[in-house]
Amino acid sequence: MMAGPSFRAKHCVRYRYAYSECNRCAEACPHDAIRLFDAGVEVIGELCKSCALCVAACPTEALTEKSVSAKSLLGIAADDKHLTIACAPSGARGEAVVPCLGAINAVVLADFSRRGIAVQLAGTGHCELCIHAAKGPDLLRLQLAVRATLCGVGGIVGGIEEWATLSLKDAGSQLSVEDDGHIASRRNLFRRFIGRGIDVMAEVADAPPAPLQAIRAASPFLPERKEVLNALYAGLGDKPVRVARHPVLPAEDMVIVHGCTCCEACVRVCPTGALQLLENNSGWRVIFLGERCVACDVCAEVCQPKVLRRRETEDAGVTKQKARVLRGVPKRRCTRCDRVFAAEGESSICPVCSGDDEDFASIFG
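Residue numbers (the numbering used here): 33 to 397.
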């Protein structure tokens, strides 16, 4: 039996933000082997069947499994132009054997095509009978749809139509390697599969600012699949490439609407450094780097005014673009305490002094 996934706490959004409700790994697990808590997750060894579907569902790669990583699979392919990837439960044979075909990320499959390596998936005819059947076939369909989308940009940018193909070895398989084009149906499938994964951005709540201790400091990192996505269209010039937004695609575009409190929580909680703070003597700015965003949603969760959200488009950028300013606010000097502060509006009093006034009024009336 293959070993279970490894967990890297500092990559997990539940570690980054103690109040995060992210449960993608638990929803993806067909065996109820994931326990969630406020500093990450625990894989319950006696329940885990080593399917690695939790690895595929985690946008920050807090859960990892070597057999489905891009580096491992590319190492097996080496200089060959054909690679058969077989799923272990089916007993099928291939140069690479993975715990579940649904655990192979779509970006990795697209990268094989870019490199001219024709991939064949063996064992798909066994999907509906598999021990992982409760979630595995659905996630594989989603990955195949995104892979087809990424490889289908060729008519716009040129050259991609020559990328290598992907095929299914089992003639009786009910899966498809083509994208059906029905965005709504794929979203509904993902809601059944991952639950809250794509709805957190739309939530509106009246909650106090996130306590500082709820955000745990850790160094930014870039997940492997995001690095692969960044390299996918690197040889096609500087023209921006955008593809249909998809829940398993590590790409998103963010905006901040009116009402930002300049609390900087989104910057501090972002695990990949996609949100960064630029500050000088005259102003305060939050910038967004699309080539680092993995659509983990934790920035939207921590934003208590709920003004940080997805851009209202059906697509997302998947190539490096110029950093975009999400919110810029001039600095002022408080007329009462002489502190320098940044805030929207025309207030001449800093939030600390304003809060003192409110506290005084509540006590003494």
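Virtual Cβ for every residue (Gly too), placed ideally from N, Cα, C.
Own chain residues within Cβ distance below 6 Å of HIS114, not counting five before or after: For the purposes of this step, residue 114 is taken as the residue at position 82 of the sequence shown. Excluding residues within five positions, the ones whose Cβ falls inside 6 Å are ALA150.
Residues bridged to LYS96 (per DSSP): Position 64 of the sequence shown, counted from the start, is the residue given in the question as residue 96. Just to set this straight, residue 96 is Thr in the shown sequence, not Lys. Paired residue(s): SER38.
Buried or exposed by the 16-neighbour rule on C-beta atoms within 10 Å, applied to ALA249: Within the sequence shown, numbered from 1, the residue matching residue 249 stands at position 217. Note on ALA249: under 16 other CB atoms within 10 angstroms of its CB, so exposed under the neighbour-count rule.
Euclidean distance between Cα positions of VAL236 and VAL330: Here residue 236 is taken as the residue at index 204 of the sequence shown, counted from 1. Here residue 330 is taken as the residue at index 298 of the sequence shown, counted from 1. Legend: pLDDT at VAL236 = 39, less than 50; position of this residue unreliable, value from coordinates given subsequently. When the Cα atoms are used, VAL236 and VAL330 turn out to be separated by approximately 14 Å.
Contained beta strand (DSSP E) runs [length at least 3] in the region 254-308, N- to C-terminal order: If we require 3 residues or more, the beta strand (DSSP E) runs fully inside the region 254-308 come out as 274-276, 286-288.
Opposing strand residues paired with LYS114 [DSSP bridges]: Here residue 114 refers to the residue found at position 82 of the sequence shown. One detail in the question is off: residue 114 reads as His in this sequence, not Lys. Paired residue(s): ALA150.
Simplified DSSP state of LYS103, which is helix, strand or coil: What you label residue 103 is simply residue 71 of the sequence shown in a count that begins at 1. Helix.
Inter-residue Cα distance where the pair is LEU176 and ALA135: As a working mapping, residue 176 is identified with position 144 in the sequence shown. As a working mapping, residue 135 is identified with position 103 in the sequence shown. Going from the Cα of LEU176 to the Cα of ALA135 covers about 11 Å.
DSSP-derived helix/strand/coil call for CYS54: Numbered from 1 along the sequence shown, position 22 holds the residue referred to as residue 54. Per DSSP, reduced to three states, the secondary structure at CYS54 is coil, with no helix or strand assignment.
Beta-carbon gap between LEU85 and ALA60 smaller than 8 Å: Here the question's residue 85 lines up with position 53 in the sequence shown. Here the question's residue 60 lines up with position 28 in the sequence shown. Yes.
Helix, strand or coil at ILE395 [DSSP, three-state]: Here the question's residue 395 lines up with position 363 in the sequence shown. When DSSP states are grouped into helix, strand and coil, ILE395 belongs to the helix group.
C-beta contact flag for ARG56 and ALA94 at 8 Å: For the purposes of this step, residue 56 is identified with residue 24 of the sequence shown, where counting begins at 1. For the purposes of this step, residue 94 is identified with residue 62 of the sequence shown, where counting begins at 1. Their beta carbons are not under 8 Å apart, which means ARG56 does not touch ALA94 by this criterion.
Cβ-Cβ separation, ALA283 to LEU254 (assumed contact under 8 Å), whole Å: Here the question's residue 254 lines up with position 222 in the sequence shown. Here the question's residue 283 lines up with position 251 in the sequence shown. With a Cβ gap of about 13 Å, LEU254 and ALA283 do not count as contacting.
Where PHE69 falls, given that 16 or more other Cβ within 10 Å makes a residue buried: Reading the sequence shown from its first residue, position 37 is the one you call residue 69. Result: exposed.
Contact under 8 Å by Cβ, VAL326 with PRO121: If you number the sequence shown from 1, residue 326 lands on position 294. If you number the sequence shown from 1, residue 121 lands on position 89. Note that the C-beta distance between VAL326 and PRO121 is not below 8 Å.
VAL100 and VAL139 closer than 8 Å at C-beta: In the sequence shown, counting from the first residue as 1, residue 100 sits at position 68. In the sequence shown, counting from the first residue as 1, residue 139 sits at position 107. No, Cβ-Cβ distance for VAL100 and VAL139 is not below 8 Å.
DSSP-derived helix/strand/coil call for PRO121: Working through the sequence shown from its first residue, we reach residue 121 at position 89. Coil, per DSSP.
C-beta contact flag for ILE46 and GLY77 at 8 Å: Taking the sequence shown and counting its residues from 1, the one referred to as residue 46 is at position 14. Taking the sequence shown and counting its residues from 1, the one referred to as residue 77 is at position 45. One detail in the question is off: residue 46 reads as Arg in this sequence, not Ile. Cβ distance not < 8 Å, so ARG46 and GLY77 don't count as in contact.
Span of the alpha helix (DSSP H) around ARG179: In the sequence shown, the residue the question calls residue 179 occupies position 147. First-last of the alpha helix (DSSP H) with ARG179: 168-183.
Minimum C-alpha distance to SER82 - residue among LEU105, CYS119, ALA50: Mapped onto the sequence shown, residue 82 falls at position 50. Across the set LEU105, CYS119, ALA50, the C-alpha of CYS119 shows the shortest separation from the C-alpha of SER82.
Coarse secondary structure for LEU310, derived from DSSP in three states: Indexing the sequence shown from 1 puts residue 310 at position 278. Strand at LEU310.
Contact between the region 152-160 and the region 272-283 (3+ Cβ pairs under 8 Å): Contact check between the region 152-160 and the region 272-283: fewer than three CB pairs, one atom from each, fall below 8 Å, which does not count as touching.
Beta-carbon proximity list for CYS382, same chain, < 6 Å, skipping 5 on both sides: The residue you call residue 382 lines up with position 350 of the sequence shown. Taken in chain order, the residues that qualify are CYS366, ARG371, PHE373.
7 Å CB neighbourhood of ASP64 in its chain, flanking five on each side removed: Within the sequence shown, residue 64 is the residue found at index 32, counting from 1. Cβ neighbours of ASP64 beyond the five flanking positions: LEU79.
Residues that GLU74 bridges to, as DSSP identifies them: Mapped onto the sequence shown, residue 74 falls at position 42. Bridge partners of GLU74: ARG67.
Length of the line joining the Cα atoms of VAL299 and THR197: Along the sequence shown, one-based indexing puts residue 299 at 267. Along the sequence shown, one-based indexing puts residue 197 at 165. Each residue's Cα considered, the two are about 40 Å apart.
Separation of ARG67 from SER314, as counted between CA atoms: Position 282 of the sequence shown, counted from the first residue, corresponds to residue 314. Position 35 of the sequence shown, counted from the first residue, corresponds to residue 67. Distance between the alpha carbons of SER314 and ARG67 is about 47 Å.
Cα-Cα separation, LEU105 to ALA128: Within the sequence shown, residue 105 is the residue found at index 73, counting from 1. Within the sequence shown, residue 128 is the residue found at index 96, counting from 1. Their backbone Cα atoms lie some 7 Å apart in a straight line.
Cross-strand partners of LEU161 (DSSP beta bridge): If you number the sequence shown from 1, residue 161 lands on position 129. None, per the DSSP bridge assignment.
CB-CB length for CYS294 against VAL361, believed under 8 Å: Residue mapping note: residue 294 aligns to position 262 of the sequence shown, counting from 1. Residue mapping note: residue 361 aligns to position 329 of the sequence shown, counting from 1. 6 Å between Cβ atoms; contact.
Nearest to ALA180 (by Cα), restricted to the options VAL301, LEU281, ARG342: In the sequence shown, the residue the question calls residue 180 occupies position 148. The residue among VAL301, LEU281, ARG342 with its C-alpha nearest the C-alpha of ALA180 is LEU281.
Residue environment, ILE188, which counts as buried when at least 16 other CB atoms sit within 10 Å: Counted from its first residue, the sequence shown places residue 188 at position 156. In this prediction, ILE188 has a pLDDT of 43, which is less than 50 and means its spatial position is unreliable; nothing more can be read from the coordinates.
Identity of the residue in ALA348, PRO303, ARG317, ALA375 nearest LYS42 by Cα: Sequence index remark: in the sequence shown, residue 42 carries index 10 (1-based). Relative to LYS42, the option among ALA348, PRO303, ARG317, ALA375 whose CA is nearest is PRO303.
Residue environment, CYS132, which counts as buried when at least 16 other CB atoms sit within 10 Å: To locate residue 132, count along the sequence shown from 1; it is residue 100. Buried, because 16 or more other Cβ atoms sit within 10 Å of the Cβ of CYS132.
Three-state secondary structure assigned by DSSP to GLY155: To locate residue 155, count along the sequence shown from 1; it is residue 123. In the structure shown, GLY155 sits in coil (DSSP, three-state: anything other than H, G, I, E or B).
Backbone secondary structure at LEU85 - three-state DSSP: Taking the first residue of the sequence shown as position 1, residue 85 is located at position 53. Here LEU85 sits in helix by DSSP.
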